[in-house]
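Written below as structure tokens is the structure these notes are about.
What follows is the structure in structure tokens.
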């Protein structure tokens, strides 16, 4: 089966063959013989040429975070045809704006801007309280506040649109 | 009197810690839980557990009326408040006393004297304990704060009068930032401690945060158990603590310990408490505040002194004398604690609530895991992010550092992001290894810290691809043995387990 792994530093086609814990993976032109065991949910034991690795794989919004040894990698894995369909579609919406979405569930404790406000990069837009910490969210660019979709005191879910900026 | 049944008015790892001490003393532990915590570890481990309200702490763990009523209904004779929540709330201690319950902590008067940070500063001034300049009283208004700030000078610190653990604390660099910082500090203080009062203090550059553990019984005996170095902090939240401090020699330890005991005595303090000091680069120390409770980082003191602080709290609450003097307290070796928080250290340190799908804690020689979670449990967004405290002991600091690096490598958590990768980088850092610490250590090194990436790239890709292969229905990996995931359940409550969700 063919996959495409997307990392911060590149895109790798990967082919997997095998079953029952023994696999042959082809990464680019390298071939890896892997003896893999799922030892607990998300905790993999990989024996590769006698070297023992334990990898933790945590799903994080469609990508996976892999902790192995002292390294942490964020990797999106897609079945190859799905990757092709996705990347052939249009690029990111290019209206020159920034949509701030809630990265985690929480409660809005303070909204510092209103529609029409001019903001500079780094200005505080709002404050979300989650897990007893107040987290300030700042503008990633200079622009004008087009929309404010939340108010102080409101509970929000991860992914909710909070503020829309326009250049 | 003998304590027979203790209600623990807390949750998470500290509730588990107190339950363990109770069990070892033959005391029946009683847990309380919010609606979000029905399946929390402390509920599973206690002999009895009672609901106290909805998930927000203000409607459950901060509800004095419900906690006291629950303790009475359960037939408890004492209440242990843990840390945070109501641990330093004199009204709670008084409500317990009024209901005939022993409050396991200082008497209400000492709580008012020491727990209220401004009152503690007045006491320190009276006793001639050195102090950083600042307001002795909480500031009543923004105008009062502006006036006081102009006198103290910038940069300065805002601190919650009833605070601790970094909540309600803000560094203000310039006058223009004061109003925003006041609002944030008051709101955080109100949410965390039920009181929004804050005070101002001058900011000392490159300080170390070093605190002294004291134990006082109800018969006037006070001893100190040496110091903890807690300089490794981020946004005033400690991340790594150790005992002894690499910068404290026996002479300085004796002076700081003497000052700490003097303050505890003068405040009529009883139980375990901590006097926090700032130590400047010239090794002058300044009283910062007293934490009238058990500290999160108490285990490092336990590891070097061999004294179980929660056991001592229970004994002292029962009216027993300490039974030992200062000369009997001997520290040996070095201990380090790392806080494993559900935060994404490479993603702006955002909290990472979720379900812990996979968990394997570090074990082995001289490793202690004070945890409040188990595999399959949910990390709620309602409470703080501390999952577990990993503590090690070594014959000396170098051995303890090597052991901590080893233990962090063994600790596996899947399902939520944790501070483990950044903790591993901290203990490997040359400044940490050399003991060159200040409270700015983390701020200084964090911008340069990224997820380590190098030779294991291909291995990481293999793991990610196999996980996706598995997820797509190719169940070719041998599944985990069911016994492994249920081991925790059998470990402490044989026969008590229900079905897994």
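Protein chains in written order, with this note's numbering: chain A, 13 to 179; chain B, 90 to 590. We put the CB at the ideal spot given by N, CA and C, even for glycine.
- Contiguous beta strand (DSSP E) elements confined to the stretch 331 to 391 of chain B occur at 360 to 368, 374 to 380, taking only those with 3 or more residues.
- Around residue 247 (chain B), no beta-carbon contact reaches into chain A at under 8 Å, the shortest distance being about 13 Å.
- Interface with chain B (9 Å Cβ-Cβ cutoff): residue 123 (chain A) is excluded.
- In the DSSP assignment, the residues bridged to residue 169 (chain B) are B:97.
- Annotated as proximal: residue 392 (chain B) and residue 332 (chain B), with beta-carbon spacing under 9 Å.
- Taken through DSSP and simplified to helix, strand or coil, residue 320 (chain B) comes out as strand.
- Judged by their CB atoms, residue 173 (chain B) and residue 281 (chain B) are nearer to each other than the 9 Å cut-off.
- Between the stretch 353 to 367 of chain B and the stretch 381 to 392 of chain B, the count of C-beta pairs closer than 8 Å reaches three or more; the two stretches touch.
- In the DSSP annotation of this structure, the continuous segment of the beta strand (DSSP E) that includes residue 155 (chain A) starts and ends at 155 to 160.
- Around the beta carbon of residue 460 (chain B), 16 or more other beta carbons lie within 10 angstroms, which makes this residue buried.
- Chain order gives the chain A residues near residue 464 (chain B) as 52, where near means a beta carbon separation below 7 Å.
- Counted as a single uninterrupted DSSP element, the beta strand (DSSP E) harbouring residue 90 (chain A) occupies residues 83 to 91.
- Contacts with chain A at 9 Å (Cβ-Cβ) do not include residue 126 (chain B).
- A residue is called buried once 16 or more other Cβ atoms fall within 10 Å of its Cβ, and residue 126 (chain B) is buried on that count.
- Within the same chain, and ignoring the five residues on either side of residue 370 (chain B) in sequence, the residues whose Cβ sits closer than 6 Å to its Cβ are 295.
- Taking a beta-carbon distance threshold of 9 Å, residue 28 (chain A) counts as an interface residue toward chain B.
- When C-beta atoms of the stretch 484 to 491 of chain B are compared with those of the stretch 258 to 274 of chain B, fewer than three pairs fall below 8 Å, so the two segments do not count as touching.
- By the criterion of at least three beta-carbon pairs nearer than 8 Å, the stretch 322 to 330 of chain B is not in contact with the stretch 152 to 172 of chain B.
- Identification of chain A residues near residue 435 (chain B) by a Cβ-Cβ cut-off of 7 Å yields 84, ordered along the chain.
- In this structure, DSSP gives residue 454 (chain B) a state outside helix and strand, which the three-state scheme calls coil.
- Of all residues in the stretch 258 to 273 of chain B, the ones placed with a Cβ closer than 8 Å to any Cβ belonging to chain A are 269, 272, 273, in chain order.
- Going by DSSP, residue 161 (chain B) is part of the alpha helix (DSSP H) stretching over 153 to 163.
- Within chain A, no C-beta atom comes less than 8 Å from the C-beta of residue 394 (chain B); the nearest is roughly 31 Å away.
- Residue 420 (chain B) and residue 399 (chain B) have their C-alpha atoms spaced approximately 18 Å apart.
- Taken atom to atom, the span from the alpha-carbon of residue 301 (chain B) to that of residue 375 (chain B) is near 12 Å.
- With fewer than 16 other Cβ atoms from the protein chains shown falling within 10 Å of its own Cβ, residue 417 (chain B) counts as exposed.
- Cβ atoms of residue 469 (chain B) and residue 42 (chain A) stay farther apart than 8 Å, at about 43 Å.
- Taking 9 Å as the upper bound on Cβ-Cβ separation, chain A lies near residues 464, 465, 468, 469, 470, 471, 472, 473, 474 of the stretch 450 to 476 of chain B.
- For residue 138 (chain A), no Cβ of chain B is located within less than 9 Å of the residue's own Cβ.
- Within chain B, the residues 548, 551 have their CB atoms less than 8 Å from the CB of residue 60 (chain A), given in chain order.
- Between the alpha carbons of residue 176 (chain B) and residue 348 (chain B) lies a distance of about 23 Å.
- Look at residue 42 (chain A) here: in three-state DSSP terms it is strand.
- Interface criterion met: the Cβ of residue 72 (chain A) is under 9 Å from a Cβ in chain B.
- Between residue 95 (chain A) and chain B, the shortest Cβ-Cβ separation is not below 9 Å.
- Among the residues facing chain A, residue 298 (chain B) is not included, as its CB has no counterpart in that chain under 9 Å away.
- Secondary structure within the stretch 452 to 509 of chain B: the beta strand (DSSP E) runs of 3 or more consecutive residues, fully enclosed, are 456 to 460, 475 to 483, 501 to 503 (chain order).
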